[in-house]
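Q: Encoded as structure tokens, here's the structure I'll be asking about.
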Amino acid sequence: MSDRHQNLAIIGHVDHGKSTLVGRLLYETGSVPEHVIEQHKEEAEEKGKGGFEFAYVMDNLAEERERGVTIDIAHQEFSTDEYEFTIVDCPGHRDFVKNMITGASQADNAVLVVAADDGVAPQTREHVFLARTLGIGELIVGVNKMDLVDYNEADYEQVVSEVEDLLKQVRFGTEDASFIPISAFEGDNVAEASENTDWYDGDILLEALNDLPEPEPPTDAPLRLPIQDVYTIDGIGTVPVGRVETGILNVGDNVSFQPSDVGGEVKTVEMHHEEVPKADPGDNVGFNVRGIGKDDIRRGDVCGPADDPPTVAETFQAQVVVMQHPSVITAGYTPVFHAHTAQVACTIESIDQKIDPSSGEVAEENPDFIQNGDAAVVTIRPQKPLSIEPSGEIPELGSFAIRDMGQTIAAGKVLDVNER
Amino acid sequence: MGKVAAKIKVMPNSPDVDLDALQERLEGSLPEGAKINGVERDDVAFGLVALFPTVIVPDDTGGTEAVEEAFSNVDDVESVSVENVGRI
Ligand SMILES: Nc1nc2c(ncn2[C@@H]2O[C@H](COP(=O)(O)OP(=O)(O)OP(=O)(O)O)[C@@H](O)[C@H]2O)c(=O)[nH]1
Ligand SMILES: [Mg+2]
Numbered sequence: 000m001s002d003r004h005q006n007l008a009i010i011g012h013v014d015h016g017k018s019t020l021v022g023r024l025l026y027e028t029g030s031v032p033e034h035v036i037e038q039h040k041e042e043a044e045e046k047g048k049g050g051f052e053f054a055y056v057m058d059n060l061a062e063e064r065e066r067g068v069t070i071d072i073a074h075q076e077f078s079t080d081e082y083e084f085t086i087v088d089c090p091g092h093r094d095f096v097k098n099m100i101t102g103a104s105q106a107d108n109a110v111l112v113v114a115a116d117d118g119v120a121p122q123t124r125e126h127v128f129l130a131r132t133l134g135i136g137e138l139i140v141g142v143n144k145m146d147l148v149d150y151n152e153a154d155y156e157q158v159v160s161e162v163e164d165l166l167k168q169v170r171f172g173t174e175d176a177s178f179i180p181i182s183a184f185e186g187d188n189v190a191e192a193s194e195n196t197d198w199y200d201g202d203i204l205l206e207a208l209n210d211l212p213e214p215e216p217p218t219d220a221p222l223r224l225p226i227q228d229v230y231t232i233d234g235i236g237t238v239p240v241g242r243v244e245t246g247i248l249n250v251g252d253n254v255s256f257q258p259s260d261v262g263g264e265v266k267t268v269e270m271h272h273e274e275v276p277k278a279d280p281g282d283n284v285g286f287n288v289r290g291i292g293k294d295d296i297r298r299g300d301v302c303g304p305a306d307d308p309p310t311v312a313e314t315f316q317a318q319v320v321v322m323q324h325p326s327v328i329t330a331g332y333t334p335v336f337h338a339h340t341a342q343v344a345c346t347i348e349s350i351d352q353k354i355d356p357s358s359g360e361v362a363e364e365n366p367d368f369i370q371n372g373d374a375a376v377v378t379i380r381p382q383k384p385l386s387i388e389p390s391g392e393i394p395e396l397g398s399f400a401i402r403d404m405g406q407t408i409a410a411g412k413v414l415d416v417n418e419r
Numbered sequence: 000m001g002k003v004a005a006k007i008k009v010m011p012n013s014p015d016v017d018l019d020a021l022q023e024r025l026e027g028s029l030p031e032g033a034k035i036n037g038v039e040r041d042d043v044a045f046g047l048v049a050l051f052p053t054v055i056v057p058d059d060t061g062g063t064e065a066v067e068e069a070f071s072n073v074d075d076v077e078s079v080s081v082e083n084v085g086r087i
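Listed below in structure tokens is the structure:
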């Protein structure tokens with residue numbers, strides 16, 4: 000057991016083996032309850048199958064957890080000598096992308112599962128883009144179902160090259176990706192090096208997981224605390240509530256709220272109903288600032304240091320990927336952008352570049368339109384003041400989901416902000 | 000397609016809201032196909048308590064939008080936001 004923590008996202012196309020891999024990892028690390036395994040071994044034997052299906056085990060565990068008292072059923076846990084892992088099996092549907100962008104951070108690094116017999120498929124692309132937008136540090140690519148291609152090296156290399164192309168398209172550094180031929184079903188290269196892949200001498204999956212860098216909370220970045228709600232509390236006054244995304248909020252700090260453009264000194268900070276001297280990234284707090292009235296600030300404002308205030312965009316340039324749009328997107332289009340706690344209508348003022356999927360290079364300057372599956376660089380003008388940051392500087396405040404017609408149609412990350 | 004668990008944060012509009020009654024109203028407002036799996040409470044600050052219902056929705060119909068909208072229209076709710084989502 001380790002007290003170091005690692006949040007891991009499992010991503011990949013439908014049926015490529017995500018659940019099976021999670022099951023295999025839980026099993027190999029002794030995290031599946033014994034009775035569940037016994038029950039399944041019995042059932043498998045009755046049905047005359049030798050191996051038992053981890054996918055079924057996972058379904059069964061899910062049902063059990065749904066019925067039981069487990070509160071956090073969206074996550075699974077297992078431990079190695081190096082880390083305590085919390086894993087999230089990412090939803091497939093595009094409409095959950097907004098939640099993953101505006102919600103609490105759930106993943107530091109990710110495992111991408113790609114079936115060797117199928118290669119890169121639509122949801123592989125979407126999930127890789129999502130990982131990039133969410134600021135995932137490292138990507139471990141498990142080329143799965145190697146048993147179905149007779150552990151053939153050429154098939155493996157083919158998938159590796161397809162994934163590398165995809166990473167280039169979304170500009171995810173390939174040096175931050177590693178590739179491992181695995182079979183989640185048979186267990187090859189998950190917890191033990193496989194004899195079936197003697198042509199491969201890299202890390203097995205558990206080694207790669209143990210070697211992931213330890214996540215560091217973004218305490219060195221300037222304070223950014225998006226405001227979720229603003230209350231008036233008897234005897235206290237105005238109380239903004241929100242989650243610290245980066246930096247530290249200290250009592251006595253001189254803070255600024257943007258874009259409302261007001262500020263003052265932090266008088267008190269409370270967390271879990273207790274007064275605290277400071278709050279760190281991830282903390283949900285309510286606080287009180289001298290001289291700020293209820294109507295001075297609102298949801299969507301970001302609180303930061305007065306001497307390094309949150310950036311307010313006149314326009315900003317961003318990289319977007321179109322996920323689902325019934326027709327084409329042209330300049331002038333004005334959907335709603337969801338970024339941290341803000342929801343603001345923004346106009347796509349110009350489509351600057353379309354990115355070539357195979358090289359990641361610019362395929363076309365100033366294209367007339369973009370459509371489903373396209374990655375592009377666009378310039379965006381918020382219709383109301385919006386605080387947002389370049390993702391290269393403060394990734395936690397640098398991504399957004401674009402929604403229209405009740406759907407999440409695209410997601411993106413901010414490259415550059417032209418300040419107001 | 001599997002099911003998705005979404006942990007949703009519901010903030011009441013004051014510290015004086017009766018949380019048991021609010022929880023019942025939330026349960027009563029759920030759209031077809033969604034189900035509450037459990038509700039946690041978390042003390043926030045200055046007497047404000049957040050409710051965290053974990054809502055289970057199918058992955059294929061997509062999204063938590065209908066649930067978010069239903070919760071937003073419940074009396075005494077100040078705001079609704081989705082903390083995290085994951086396949087169960
Ligand atoms: N032969 C073989 N089959 C596998 C392997 N991994 C998964 N499978 C099978 O592929 C099918 C899909 O596996 P799942 O683990 O359910 O895939 P998934 O990615 O979780 O699928 P969704 O949750 O529907 O997106 C199941 O029948 C698995 O038994 C593997 O390494 N080899
Ligand atoms: Mg699955």
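Here the protein sequences line up with chains A and B, keeping their order. Each residue of the first sequence is one higher than the one before, starting from 0 at the first, in numbering that gives the first Met the number 0. Each residue of the second sequence is one higher than the one before, starting from 0 at the first, in numbering that gives the first Met the number 0. No residue lacks a Cβ here, since even glycine has one placed at the ideal position from N, Cα and C.
Sorted by chain position, which residues of the same chain lie with C-beta nearer than 6 angstroms to residue 289(A)'s C-beta, five sequence neighbours on each side aside?
A: Residue numbering aside, residue 289(A) sits at position 290 when the first sequence is read from its first letter. Hits under 6 angstroms: 263, 264, 266.
Q: Strictly below 7 angstroms CB to CB, what residues from chain A border residue 82(B)?
A: For this step, residue 82(B) is matched to residue 83 along the second sequence. Ordered by position in chain A, the residues that pass the 7 angstroms Cβ test against residue 82(B) are 102, 103.
Q: Alpha carbons only, please: which of 41(A), 90(A), 101(A), 79(A) is nearest the one belonging to residue 410(A)?
A: Taking the first residue of the first sequence as 1, we reach residue 410(A) at position 411. Comparing Cα-Cα distances from residue 410(A) to each of 41(A), 90(A), 101(A), 79(A), the minimum goes to 101(A).
Q: Identify the contact partners of residue 64(B) in chain A, using a Cβ-Cβ distance below 7 angstroms as the criterion.
A: In the second sequence, residue 64(B) corresponds to position 65, counting from 1. Here the neighbours are 94, 405.
Q: In chain E, what lies closer than 7 angstroms to residue 45(B) by C-beta?
A: As a matter of chain content, chain E is missing from the structure shown, whose protein chains are A and B.
Q: Quick one: complete beta strand (DSSP E) runs, 3+ long, within the region 124-203 of chain A?
A: Listed in chain order, they are 138-143, 176-180.
Q: Quick one: does residue 54(B) have its CB under 8 angstroms from some CB of chain A?
A: Within the second sequence, residue 54(B) is the residue found at index 55, counting from 1. Residue 54(B) does not count as touching chain A.
Q: If we ignore side chains and look at the alpha-carbon of each, how far apart do residue 97(A) and residue 388(A) end up?
A: What you label residue 97(A) is simply residue 98 of the first sequence in a count that begins at 1. What you label residue 388(A) is simply residue 389 of the first sequence in a count that begins at 1. Distance between the alpha carbons of residue 97(A) and residue 388(A): 18 angstroms.
Q: Residues of chain A with CB under 7 angstroms from residue 3(B), in chain order?
A: The residue you call residue 3(B) lines up with position 4 of the second sequence. Neighbours of residue 3(B) on chain A, chain order: 90, 95.
Q: Counting contacts by CB-CB distance shorter than 8 angstroms, is residue 23(B) in contact with chain A?
A: Taking the second sequence and counting its residues from 1, one reaches residue 23(B) at position 24. Not one chain A Cβ lies under 8 angstroms of residue 23(B).
Q: Just how far apart, CA to CA, sit residue 56(B) and residue 39(A)?
A: For the purposes of this step, residue 56(B) is identified with residue 57 of the second sequence, where counting begins at 1. For the purposes of this step, residue 39(A) is identified with residue 40 of the first sequence, where counting begins at 1. Roughly 26 angstroms between the two C-alpha positions.
Q: How far does the beta strand (DSSP E) with residue 361(A) in it extend, from its first residue to its last?
A: On the first sequence, residue 361(A) is found 362 positions in, with the first residue counted as 1. Element bounds for residue 361(A): 361-364.
Q: Determine whether the Cβ of residue 61(A) lies closer than 8 angstroms to any Cβ atom of chain B.
A: Residue numbering aside, residue 61(A) sits at position 62 when the first sequence is read from its first letter. Closer than 8 angstroms: yes.
Q: For residue 79(B) and residue 11(B), which I take to be in contact (beta-carbon distance under 8 angstroms), what is that distance rounded to the nearest angstrom?
A: Within the second sequence, residue 79(B) is the residue found at index 80, counting from 1. Within the second sequence, residue 11(B) is the residue found at index 12, counting from 1. Going by Cβ atoms, the distance from residue 79(B) to residue 11(B) rounds to 11 angstroms, so no, they are not a contact pair.
Q: Taking DSSP as the reference, what is the three-state secondary structure of residue 326(A)?
A: Position 327 of the first sequence, counted from the first residue, corresponds to residue 326(A). Residue 326(A): coil per DSSP, three-state reduction.
Q: Is residue 35(B) close to chain A? Criterion is C-beta to C-beta, closer than 8 angstroms.
A: The count along the second sequence starts at 1 and reaches residue 35(B) at position 36. No, because no Cβ of chain A sits closer than 8 angstroms to the Cβ of residue 35(B).
Q: From residue 317(A) to residue 378(A), what does the alpha carbon distance come to, in whole angstroms?
A: Mapped onto the first sequence, residue 317(A) falls at position 318. Mapped onto the first sequence, residue 378(A) falls at position 379. Cα to Cα, residue 317(A) sits roughly 6 angstroms from residue 378(A).
Q: Chain A partners of residue 71(B), CB-CB under 8 angstroms?
A: Reading the second sequence from its first residue, position 72 is the one you call residue 71(B). Correct list: empty, because the minimum Cβ distance to chain A is about 12 angstroms.
Q: Quick one: is the Cβ of residue 23(A) within less than 7 angstroms of any heavy atom of ligand 2?
A: Here the question's residue 23(A) lines up with position 24 in the first sequence. Residue 23(A): no, Cβ never under 7 angstroms from ligand 2.
Q: Interface residues of chain A around residue 30(B) at Cβ under 7 angstroms?
A: Working through the second sequence from its first residue, we reach residue 30(B) at position 31. Correct list: empty, because the minimum Cβ distance to chain A is about 13 angstroms.
Q: Would you kindly work out how many angstroms separate the C-alpha atoms of residue 363(A) and residue 330(A), rounded to a whole number?
A: As a first step, residue 363(A) must be located in the first sequence, where it is residue number 364. As a first step, residue 330(A) must be located in the first sequence, where it is residue number 331. Going from the Cα of residue 363(A) to the Cα of residue 330(A) covers about 15 angstroms.
Q: Looking only at C-alpha atoms, which of 268(A), 273(A), 7(A), 11(A) sits nearest to residue 134(A)?
A: Indexing the first sequence from 1 puts residue 134(A) at position 135. Residue 134(A) has its Cα closest to that of 7(A), out of 268(A), 273(A), 7(A), 11(A).
Q: Do you know how far the Cα of residue 33(A) is from the Cα of residue 390(A)?
A: Taking the first residue of the first sequence as 1, we reach residue 390(A) at position 391. Taking the first residue of the first sequence as 1, we reach residue 33(A) at position 34. The straight-line gap from Cα to Cα measures roughly 44 angstroms.
Q: What do you reckon, is the C-beta of residue 205(A) under 7 angstroms from a heavy atom of ligand 1?
A: As a working note, residue 205(A) is residue 206 in the first sequence. Not so, every heavy atom of ligand 1 lies at least 7 angstroms from the Cβ.
Q: Run the CB neighbour count on residue 44(A), radius 10 Å, all protein chains shown included, and call it buried at 16 or more, exposed below.
A: Here residue 44(A) corresponds to residue number 45 of the first sequence, with the count starting at 1. Exposed is the call here.
Q: For the 8 angstroms Cβ check, are there 3 or more pairs between the region 270-286 of chain A and the region 303-310 of chain A?
A: No, they do not touch.
Q: Helix, strand or coil for residue 12(A)? Go by DSSP, reduced to three states.
A: Along the first sequence, one-based indexing puts residue 12(A) at 13. Of the three classes helix, strand and coil, the one that applies to residue 12(A) here is coil, per DSSP.
Q: Which bits of chain B does residue 99(A) rub up against, with CB to CB less than 7 angstroms?
A: The residue given as residue 99(A) occupies position 100 in the first sequence. Near residue 99(A) (Cβ distances below 7 angstroms), the residues of chain B are 84.
Q: Would you mind giving the Cβ-Cβ distance between residue 217(A) and residue 286(A), rounded to the nearest angstrom? I have them listed as a contact below 8 angstroms.
A: For the purposes of this step, residue 217(A) is identified with residue 218 of the first sequence, where counting begins at 1. For the purposes of this step, residue 286(A) is identified with residue 287 of the first sequence, where counting begins at 1. 19 angstroms between Cβ atoms; not a contact.
Q: Consider the C-beta atom of residue 146(A) and the heavy atoms of ligand 1; say whether any pair is separated by less than 7 angstroms.
A: For this step, residue 146(A) is matched to residue 147 along the first sequence. Residue 146(A): yes, Cβ under 7 angstroms from ligand 1.
Q: Run the proximity test for residue 86(B): is its beta-carbon closer than 7 angstroms to any non-hydrogen atom belonging to ligand 2?
A: Here residue 86(B) refers to the residue found at position 87 of the second sequence. Residue 86(B): yes, Cβ under 7 angstroms from ligand 2.
Q: Please report the residue range of the beta strand (DSSP E) in which residue 10(B) lies.
A: The count along the second sequence starts at 1 and reaches residue 10(B) at position 11. Note, residue 10(B): beta strand (DSSP E), 2-11.
Q: Touching or not, the region 25-45 of chain B and the region 63-78 of chain A, by the rule of three or more beta carbon pairs under 8 angstroms?
A: Enough Cβ pairs lie closer than 8 angstroms, so yes.
Q: Within 10 angstroms of its Cβ, does residue 412(A) collect 16 or more other Cβ (buried), or is it exposed?
A: Within the first sequence, the letter at position 413 stands for residue 412(A). Result: buried.
Q: Closer than 7 angstroms to a non-hydrogen atom of ligand 2 - does that hold for the CB of residue 11(A)?
A: Mapped onto the first sequence, residue 11(A) falls at position 12. Flag unset: Cβ of residue 11(A) not near ligand 2.
Q: Comparing C-alpha positions only, which one of 366(A), 345(A), 203(A) sits nearest to residue 355(A)?
A: For the purposes of this step, residue 355(A) is taken as residue 356 along the first sequence, with counting starting at 1. It is 366(A).
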